[in-house]
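Undergrad: One structure follows; several queries about it will come next.
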Amino acid sequence: MPAAIRVHQTGGPEVLTFEDIPTASPGPGEVLIRQHACGVNYIDTYYRGGLYKAPSLPFTLGAEGAGEVIALGEGVTQVKVGDRVAYSGAIGSYAAERTYPADRLIPLPETISYEQAAGMMLKGMTAQYLVRRTFKVESGQTVLVHAAAGGVGLILCQWIKSLGAMVIGTVGSEEKAELARANGADHTILYRKEDWVKRVAEITDGKKCAVVYDGVGKDTFPGSLDCIKPRGMWVSFGNASGPVEPFSILTLAQKGSLFATRPTLAGYVAERSDLLATANDLFDVVASGKVAIPVNQRYALKDARKAHEDLEGRGTTGSSILLP
38 MPAAIRVHQT
48 GGPEVLTFED
58 IPTASPGPGE
68 VLIRQHACGV
78 NYIDTYYRGG
88 LYKAPSLPFT
98 LGAEGAGEVI
108 ALGEGVTQVK
118 VGDRVAYSGA
128 IGSYAAERTY
138 PADRLIPLPE
148 TISYEQAAGM
158 MLKGMTAQYL
168 VRRTFKVESG
178 QTVLVHAAAG
188 GVGLILCQWI
198 KSLGAMVIGT
208 VGSEEKAELA
218 RANGADHTIL
228 YRKEDWVKRV
238 AEITDGKKCA
248 VVYDGVGKDT
258 FPGSLDCIKP
268 RGMWVSFGNA
278 SGPVEPFSIL
288 TLAQKGSLFA
298 TRPTLAGYVA
308 ERSDLLATAN
318 DLFDVVASGK
328 VAIPVNQRYA
338 LKDARKAHED
348 LEGRGTTGSS
358 ILLP
């Protein structure tokens, strides 16, 4: 039987169990995938801890992976046995094998490895919609990226820089600052040691930023709003430090007629055409060399607990993957 990481009750990393599960059979419209790599993302900790509700207990954690199709369910026409595919969406990826809806699979070009794909589908497609659709970054703008050395952060820094904008990144250590700068950040701020709101004002000569990409949440609010120029946008796309508490919408008016949004990848790729367009744009920018996908941590599937401990302890950079 294939191995998987299961959650029988929500909680800390200690609730992750490594066990064998029965081999699944794909239902109508589904395929069975033999996984070569599974992505580890901060959103996984939300499901594990109960912030985001899983369909039922127990469940297999994880929402991103890459592998090859080994069986087809009834009516599948989008892929065939042997195809290389990747995905990001429905939970259940921390496993050696899994079923998945065929119409949500993304064909994987030969130029992208399984490890790259597992490390970038969620984070890379998130970066794509953030910089190309939520707020379309343009040359000459100044952009603030929180957690600039994280998985999404490193991709954002590279992509934004390739578009001709100036990147300011907040990081937790000098080592992470060096990594962020190596990936496109023009300026880095050690948020634990510096007044990062003041530093943004200094770097921009008081002009502030066109947009703030904030995957941190509670700890960076409301400071993020004070880094945005009038009519700029605050994009709150994650809760690494906890969710932002409810606040008065009048705050946006008082701080310069600001825009605020809380987007999700699912909302941007609900249609298959949008899913493929987003993924293909990501593949193109990676193939061009403008964006590299740093897979900096690799763990055996059985060591998923260690992966979560490192992730929540801010001990990771770039992407982390599990290898079944």
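So the sequence shown is numbered by this note's numbering: it starts at 38 and just counts up by one. Idealized CB from N, CA, C, for every residue including glycine.
1. Apart from the five residues on each side of it in sequence, which residues of its chain come closer than 6 Å, Cβ to Cβ, to Q165?
2. Does the region 153-173 come within contact of the region 183-196, defined as at least 3 CB pairs closer than 8 Å?
3. Rounded to whole angstroms, how far is the Cβ of I205 from the Cβ of V237, which I believe are closer than 8 Å?
4. By a C-beta neighbour count over all protein chains shown, 10 Å radius and 16 as the cutoff for buried, is P331 buried or exposed?
5. Can you tell me whether DSSP reads E215 as helix, strand or coil?
6. Quick check on the DSSP output: the beta strand (DSSP E) that includes I197 runs from which residue to which?
7. Please name the residue, chosen from A155, A202 and A154, that lies closest to S176 on a Cα-to-Cα basis.
8. Measuring straight from C-alpha to C-alpha, what distance separates G48 and I70?
9. Specify whether the region 95-115 and the region 167-183 touch according to this definition: at least 3 beta carbon pairs, one from each stretch, less than 8 Å apart.
10. State buried or exposed for L262, treating a residue as buried only when at least 16 other CB atoms are found within 10 Å of its CB.
11. Exposed or buried, Q291, counting other C-beta atoms within 10 Å across all chains shown (16 or more means buried)?
12. Taking 8 Å as the CB-CB limit, is G206 close to chain C?
13. Just to confirm the assignment, what range does the beta strand (DSSP E) spanning S125 have?
14. My guess is that Q72 and A132 are in contact by the Cβ rule of under 8 Å, so how many angstroms apart are they, rounded?
15. With a threshold of 16 other CB atoms inside 10 Å of the CB of T14, please say whether the residue is buried or exposed.
16. Check whether the Cβ atoms of H183 and T148 sit closer than 8 Å, and answer yes or no.
17. Out of curiosity, what's the CA-to-CA distance linking A297 and A344?
18. Among E67, G275, T241 and L193, whose alpha-carbon lies nearest the alpha-carbon of T82?
19. In whole angstroms, give me the CA-to-CA distance for Q195 and G304.
20. So what does DSSP say about T60, is it helix, strand or coil?
21. Within its chain, find whatever has a CB closer than 7 Å to the CB of Y151; leave out the 5 residues flanking it on each side and keep chain order.
22. What does the alpha-carbon distance come out to for the pair E282 and D251?
23. What's the gap between the Cα of R351 and the Cα of G76?
24. So the candidates are K266, E111 and S357; which of them puts its Cα closest to the Cα of N333?
25. Between the Cα of P267 and those of P280, S285 and G243, spot the shortest distance and give me the residue it belongs to.
26. Report buried or exposed for Q46, applying the criterion of at least 16 other Cβ atoms within 10 angstroms of its Cβ.
27. Buried or exposed, going by whether 16 or more other CB atoms sit within 10 Å of the CB of A337?
28. Only counting the same chain, and skipping five residues up and downstream in sequence, which positions put a Cβ closer than 6 Å to that of G260?
TA: Reading it off the structure:
1. Position 128 of the sequence shown, counting from 1, holds the residue named residue 165. Cβ neighbours of Q165 beyond the five flanking positions: T315, D318 and L319.
2. Yes: the two stretches touch, three or more of their Cβ pairs being nearer than 8 Å.
3. In the sequence shown, counting from the first residue as 1, residue 205 sits at position 168. In the sequence shown, counting from the first residue as 1, residue 237 sits at position 200. About 6 Å; that satisfies the 8 Å criterion.
4. Locating residue 331 in the sequence shown gives position 294, counting from the first residue. P331 counts as buried, since no fewer than 16 other beta carbons sit within 10 angstroms of its beta carbon.
5. Residue 215 sits at position 178 when you count from the first residue of the sequence shown. Helix.
6. Within the sequence shown, numbered from 1, the residue matching residue 197 stands at position 160. Bounds of any beta strand (DSSP E) do not take in I197; it lies within the alpha helix (DSSP H) bounded by G188 to S199.
7. One-based indexing of the sequence shown puts residue 176 at position 139. The candidate whose alpha carbon is nearest that of S176 is A202.
8. What you label residue 48 is simply residue 11 of the sequence shown in a count that begins at 1. What you label residue 70 is simply residue 33 of the sequence shown in a count that begins at 1. The alpha-carbon atoms of G48 and I70 are separated by roughly 28 Å.
9. With the rule of 3 Cβ pairs closer than 8 Å, the region 95-115 does not count as touching the region 167-183.
10. Indexing the sequence shown from 1 puts residue 262 at position 225. It is buried - the Cβ of L262 has at least 16 other Cβ atoms within 10 Å.
11. Along the sequence shown, one-based indexing puts residue 291 at 254. Counting the other CB atoms within 10 Å of its CB gives Q291 a total below 16, which places it among the exposed residues.
12. Chain labels in this structure do not include chain C; a single protein chain is all it has.
13. If you number the sequence shown from 1, residue 125 lands on position 88. Unbroken beta strand (DSSP E) run through S125: R121 to S125.
14. For the purposes of this step, residue 72 is taken as residue 35 along the sequence shown, with counting starting at 1. For the purposes of this step, residue 132 is taken as residue 95 along the sequence shown, with counting starting at 1. Beta-carbon to beta-carbon, Q72 and A132 are separated by about 7 Å, close enough to satisfy the 8 Å threshold.
15. This structure cannot settle anything about residue 14, because the visible part of the chain is limited to 38 through 361.
16. Start at 1 with the first residue of the sequence shown, and residue 183 comes out as number 146. Start at 1 with the first residue of the sequence shown, and residue 148 comes out as number 111. Taking 8 Å as the Cβ cut-off, H183 and T148 do not qualify as a contacting pair.
17. By one-based count along the sequence shown, residue 297 stands at place 260. By one-based count along the sequence shown, residue 344 stands at place 307. Between A297 and A344, the C-alpha separation is close to 32 Å.
18. Mapped onto the sequence shown, residue 82 falls at position 45. Distances from the alpha-carbon of T82 to those of E67, G275, T241 and L193 put G275 closest.
19. Sequence index remark: in the sequence shown, residue 195 carries index 158 (1-based). Sequence index remark: in the sequence shown, residue 304 carries index 267 (1-based). Cα to Cα, the separation comes out at about 24 Å.
20. As a working note, residue 60 is residue 23 in the sequence shown. Residue state, collapsed to three classes: coil.
21. Locating residue 151 in the sequence shown gives position 114, where the first residue counts as 1. H73, A74, A103 and G104.
22. Against the sequence shown, residue 282 aligns to sequence position 245. Against the sequence shown, residue 251 aligns to sequence position 214. Taken atom to atom, the span from the alpha-carbon of E282 to that of D251 is near 14 Å.
23. The residue you call residue 351 lines up with position 314 of the sequence shown. The residue you call residue 76 lines up with position 39 of the sequence shown. So the two alpha carbons sit approximately 17 Å from each other.
24. Translated into the one-based positions of the sequence shown, residue 333 becomes position 296. Out of K266, E111 and S357, S357 has the C-alpha closest to the C-alpha of N333.
25. Translated into the one-based positions of the sequence shown, residue 267 becomes position 230. Cα-wise, what sits closest to P267 is G243.
26. Against the sequence shown, residue 46 aligns to sequence position 9. For Q46, the number of other beta carbons within 10 angstroms of its own is below 16, and it is reported as exposed.
27. As a working note, residue 337 is residue 300 in the sequence shown. With fewer than 16 Cβ atoms within 10 Å of its Cβ, A337 is classed as exposed.
28. As a working mapping, residue 260 is identified with position 223 in the sequence shown. Hits under 6 Å: V234.
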